[in-house]
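In what follows, a single structure is set out as structure tokens and then discussed.
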Amino acid sequence: MDTITSKVFMVRPSNFGFNAETAQNNAFQDNSGSLTKSEINSEAVKEFDNLVSKLKIHGIEVIVYEDSAKPLKTDAVFPNNWITTHEEGIIITYPMYSNNRRLERSSVIIEDLKHKFGYDRHYFFEHYETEDKFLEGTGSMILDRENKIIYACLSERTNIEVLEKFSVLMSYKKIYFHSNDDKGKAIYHTNVMMALAEEFCIICMESIASEVEKSEIEQQLKLNNKEIIEISQDQVNHFAGNMLQLKNTKGERFLIMSEQAYHSLHEDQIAKIQSYCRILHSPLNVIEKYGGGSARCMIAEIFQ
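All you need for the numbering used here is the position in the sequence shown, starting with 1, plus 773.
Right under this line is the structure:
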């Protein structure tokens, strides 16, 4: 089973903007500035199209779905939170913390994916929303698909009971822990402080207070022959944890990240990453500022 894929889908935003509901526990969002709502969406679309173009130029297969204008969905550009695809014909949809983000779950996208790739099993986790229990896809979970391991930092958006449900359903070992930002607040999604590639892992160990939890993560990563590349809290604030490794149709490996994330990295970190794969970065300043998510959040992987 592959950990990375050459096929992804992305959702071009129609009404991208600041979401006050998600900002309750997403410290990365910032609604300051002079841009109008229309200007924010326009700039986000440009950033989106630029990233898609770079992925395609480098041989990565990208399906682009257009977000519908109604109902209004400010965060549709982040589809990895509501859906994952898996080998053996499996799709899973997830319970979302924010009421208005639940509108992003698209039957049109699901049916098109089923038609294109033959998915014939769909597991629904969204009923947990009635119990205020959430698990936001590969925002909440870092999946080592090859070794069948989940890494997850618990938060309001990552519930241990739903995590256990996924673990049992998909026969994954779960490693869960607690991660706080530089102000002591729980980090809302695992994928802002950790990114897993085939041969290495980028992670902010200093955000994990428990030495026991750190040790468990380190031992598992070393057991699976992953080099640990540590990043700082400041680099997390610049989205250096929000990265995704992909391959192209020729099998070449790339680590996808934002321009801001790339410029926050030190020379030795860049050298370590480039010893394994090429770096592909793109400016995502507006999407990061108002949406609180970056390159990884924008990309939903297709496994079949």
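Positions of the beta carbon are idealized from the N, C-alpha and C atoms, including for glycine.
Apart from sequence neighbours up to five positions away, the residues of its chain that approach residue 872 with a beta-carbon distance below 7 Å are 794, ordered along the chain.
Fewer than three beta-carbon pairs drawn from the segment 843-855 and the segment 886-897 are found closer than 8 Å, and the two stretches are therefore not classed as touching. Judged by pairs of C-beta atoms under 8 Å, the segment 930-942 does not touch the segment 776-794, as fewer than three such pairs exist. Under the Cβ criterion (8 Å, minimum of three pairs), the segment 1036-1051 does not count as touching the segment 804-819. Here residue 1022 has 779, 832 as same chain residues with Cβ atoms under 6 Å from its own Cβ, once five neighbours each way along the sequence are excluded. Counting other Cβ atoms within 10 Å of its Cβ, residue 1072 reaches 16 or more and is therefore classed as buried. For residue 791, the closest of 847, 920, 888 by C-alpha to C-alpha distance is 847. For residue 774, the closest alpha carbon among the candidates 825, 948, 971 is that of 971.
Three or more Cβ pairs closer than 8 Å define a contact, and the segment 945-964 meets that threshold against the segment 909-928. Per DSSP, residue 1007 is one residue of the alpha helix (DSSP H) stretching across 1006-1010.
Contact check between the segment 1056-1073 and the segment 800-810: three or more CB pairs, one atom from each, fall below 8 Å, which counts as touching. Listed as beta-bridge partners of residue 838 by DSSP are 784. Secondary structure at residue 996: helix, using DSSP grouped into helix, strand and coil.
Using a Cβ-Cβ distance cut-off of 8 Å, the segment 865-881 and the segment 905-920 are in contact, since at least three pairs of beta carbons, one from each stretch, lie closer than that value. In the structure shown, residue 1027 falls within a strand segment according to DSSP collapsed to helix, strand and coil.
Secondary structure at residue 1022: coil, using DSSP grouped into helix, strand and coil.
In this structure the segment 1026-1033 touches the segment 1007-1017; the number of beta carbon pairs closer than 8 Å is three or more.
Around the CB of residue 1024, fewer than 16 other CB atoms lie within 10 Å, so the residue is classed as exposed. If the five residues before and after residue 827 are omitted, its C-beta is found closer than 7 Å to the C-beta atoms of 1053, 1055, all from its own chain and listed in chain order. For residue 1071, the secondary structure class from DSSP, reduced to helix, strand or coil, is helix. For residue 902, same chain residues with a beta-carbon under 8 Å away, outside a window of 5 residues either side, are 868, 869, 875 in chain order.
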